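Asker:
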Amino acid sequence: MPIRNIATLAIAIFLGLLSVVLVRSYLNTAPRGGQAPAVTANTTPVVVAAETVARGQILEPTSLKIVNYPANSVPAGSFRGISQLVGTGPDQPMALHAIVANEPILSDEVSGANGKHTLAISISDGMRAVSLRSNDVVGVGGFVLPGDRVDVMLTRTATNQPNEAITQVLAENSLVLGVDQSSNDAADTPVVARSVTVEVTPSQAQTISLGQTVGTLSLALRHTADGTPLTKRETSVADLGTSASVHRSSQIEFRVTRGVESSVYHVAGGTAR
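Using the numbering used here, you'd call the opening residue of the sequence shown number 78 and step up by one each time.
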C-alpha cells in the first residue's frame, strides 16, 4: 500500500477518535433535563422556602430548599445549609413571620434554640407588651388590627381641679401586637375587641397600667408611614375655647344700694348670683 494512502488513513482514524472524545466530554459536562446547573465560583447557596410557611410553623426539611444566588446579591442574615435550620425537640426553629415560597429564610424571621410560639417572640428587645381594655370607641371602631401603629391617650380629671378634665398622650407610634387573642398581622377584617395589646417601653407600660385605674384610655390610629412625633402631649378644656374670660364677657352686672350698703349681682344665662 502506498505510503500516501497509509498516512491519509491514519489521519482519518485520529480525527475520528478526537471527535468521539470531544462528544463524550460535552455530554458529561452539559446539564441534564430537570437538573440544576453546577455551582460556580460566582454563586452562593441560600436556603429559601420551598412552600409557604405560616407564622409559628416549625421548619421541616421538606419545606426548605437550596437556591444559588449571585455572590454579590446574597441577602444579609441568610443561611447556607438546610441543616442550620432543622433541629429536634425543643430546638426546632419556627417561623416568626409568614414566609412565602422562594423567599430567603433570614435569621430575624425564625426563632432560635428553645423557641416557643408565643407573643413574647415578637416583642422587640427592651420593650414590653401591655393590654388595654377596649370597645368600639377605644379600638377605633374595630379598625385597629395587629401590625398597626397607634397613639395611646388618657382622659382624666386634672389634679386639684375636680371640674377640669385633661387628655394626655401616654405613648405614641406604638406597634399593635394583638387584638383580643389574635396576633395575625395579615388580618384585614375590622373587629370590636375586648382588649388591644401594644408594644411600649417599660416606663410607658407602667403609665398605661396606672392610667386605666384613674381615667379612660383611647387609641388614635396612625397612617402606616406616619412616624412624626407629636408636638402637643396634653390638652385641657381651656384648649377647646371655653375660657373663663368668655363667660365673664357674657355676664350683666347689677348694683343695688340699700341705705349706705351696696350689693353687686351678676346675671349669666338668666341666673343671678
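Heads up, the beta-carbon is just placed ideally off N, CA and C, and yes, glycines get one too. Please read all numbers here as calculations on a predicted model, not as lab measurements.
By the 10 Å Cβ neighbour count, where 16 or more other Cβ atoms means buried, how is T236 classified, buried or exposed?
Answerer: By the 10 Å Cβ count, T236 comes out exposed.
Asker: Let me make sure I understand the geometry here. Which of T266, S313, S251 and V253 has the alpha-carbon closest to that of Q238?
Answerer: Taking only the C-alpha atoms, the option nearest Q238 is S313.
Asker: Do V207 and A282 have their beta-carbon atoms positioned less than 8 Å apart in this structure?
Answerer: Yes, the Cβ-Cβ distance between A282 and V207 is below 8 Å.
Asker: Should G288 be labelled buried (16 or more other beta-carbon atoms within 10 Å of its own) or exposed?
Answerer: Buried, since its Cβ has 16 or more Cβ neighbours within 10 Å.
Asker: Name the two residues that bound the continuous beta strand (DSSP E) containing R278.
Answerer: According to the sequence provided, residue 278 is Thr. The question's Arg does not apply to it. Per DSSP, T278 belongs to no beta strand (DSSP E) and is neither H nor E.
Asker: When the Cα atoms are used, what is the spatial distance from T293 to S199?
Answerer: Cα-Cα distance, rounded: 28 Å.
Asker: Please report how far the alpha carbon of L183 lies from the alpha carbon of G203, in whole angstroms.
Answerer: If I take the Cα positions, the gap works out to 22 Å.
Asker: If you draw a straight line from the C-alpha of E276 to the C-alpha of G219, how long is it?
Answerer: Cα to Cα, E276 sits roughly 18 Å from G219.
Asker: Have a look at L254 and R299 and give me their C-alpha separation to the nearest angstrom.
Answerer: Going from the Cα of L254 to the Cα of R299 covers about 15 Å.
Asker: Leaving out five residues on either side along the sequence, give the residues of the same chain with a beta carbon under 6 Å from the beta carbon of E128.
Answerer: The answer, listed in chain order, is S140 and A178.
Asker: Run through DSSP, which three-state label would T236 get?
Answerer: Reduced to three states, the DSSP call for T236 is coil.
Asker: Using the Cα positions of A131 and V163, report the straight-line distance between them to the nearest angstrom.
Answerer: Their Cα atoms are separated by approximately 16 Å.
Asker: Given that a residue counts as buried once 16 or more other Cβ atoms are within 10 Å of its Cβ, and exposed if not, what is G192?
Answerer: Legend: pLDDT at G192 = 42, less than 50; position of this residue unreliable, value from coordinates given subsequently. Per the 10 Å Cβ criterion, buried.
Asker: For the candidate residues A175, P122, N212 and S201, whose alpha-carbon lies nearest to that of S155?
Answerer: That would be P122, whose Cα lies nearest to the Cα of S155.
Asker: Keeping to the same chain, check which residues put their C-beta closer than 7 Å to that of E180; ignore five residues upstream and five downstream.
Answerer: V125 and A126.
Asker: When you compare only the Cα positions, how much space is there between A153 and S188?
Answerer: Answer to the nearest angstrom: the Cα atoms are 17 Å apart.
Asker: Check whether the Cβ atoms of T244 and T232 lie closer than 8 Å to each other.
Answerer: The answer is yes: Cβ separation under 8 Å.
Asker: Pull up the DSSP beta-bridge partners for R210, would you.
Answerer: Answer by DSSP bridge pairing, in chain order: S272.
Asker: Between which two residues does the beta strand (DSSP E) carrying I143 extend?
Answerer: It spans L141 to P147 - the beta strand (DSSP E) in which I143 sits, taken as one unbroken run.
Asker: Here's a check: name, in chain order, each residue in its chain whose Cβ is nearer than 6 Å to the Cβ of T274, leaving out the five neighbours to either side.
Answerer: If we look at T274 and ignore the five residues flanking it on each side, its Cβ neighbours are A206, S208, L254 and G255.
Asker: Between the C-alpha atoms of G224 and L252, what's the straight-line distance to the nearest angstrom?
Answerer: Whole-angstrom Cα-Cα distance: 6 Å.
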